[in-house]
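This note's numbering puts the first residue of the sequence shown at 1268, with every later residue one more than the last. Glycine included, every Cβ here is placed at the ideal spot set by N, Cα and C. Quick notes on the structure that follows.
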Amino acid sequence: MVMRILLYAGLGLLSIYLLNYFEIANVEFTFVNMLIAVGGIVLLRILYSLFIRLLRVFVFAFVFLPLIGLLVYYLYSYFTGQSVDLVLW
């Protein structure tokens, strides 16, 4: 836990240094700016983990299941010689 806090603090310092180095923004090394940088890094990590979990669900629902449906459809058509009648209500 302490190593993670130190890692976040180091990443916060690095992000402020890189912002100053590449002249993207003129940010001073203050305690409040460090807290904002660390909070931003923690927020990005939380959002990343949430989107990765949701992405797995979307890939399963919108890629894997339709491919399985098409596979079943073509196998049924191949073995029976007739197409599946899709009833749309």
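Item, Value
"Exposure label - Ile-1283; buried when at least 16 CB within 10 Å", "buried"
"Beta-carbon gap between Ala-1276 and Met-1301 smaller than 8 Å", "yes"
"Environment of Gly-1279 [buried if 16+ CB atoms lie within 10 Å]", "buried"
"Environment of Ala-1390 [buried if 16+ CB atoms lie within 10 Å]", "The structure shown does not extend to residue 1390, since the chain spans only 1268 to 1356, so no value can be given for it."
"Leu-1338 versus Phe-1346: straight-line alpha-carbon distance, rounded", "12 Å"
"Span separating the alpha-carbon of Leu-1311 from that of Gln-1349", "52 Å"
"Limits of the unbroken alpha helix (DSSP H) element including Ser-1350", "Premise fails: Ser-1350 is in no alpha helix (DSSP H) and is neither H nor E."
"8 Å Cβ cutoff met for Ile-1286 and Ala-1292", "Per the sequence shown, residue 1286 should be read as Leu rather than Ile. For Leu-1286 and Ala-1292, yes; Cβs fall inside 8 Å."
"Coil, strand or helix - Ile-1313 by DSSP", "helix"
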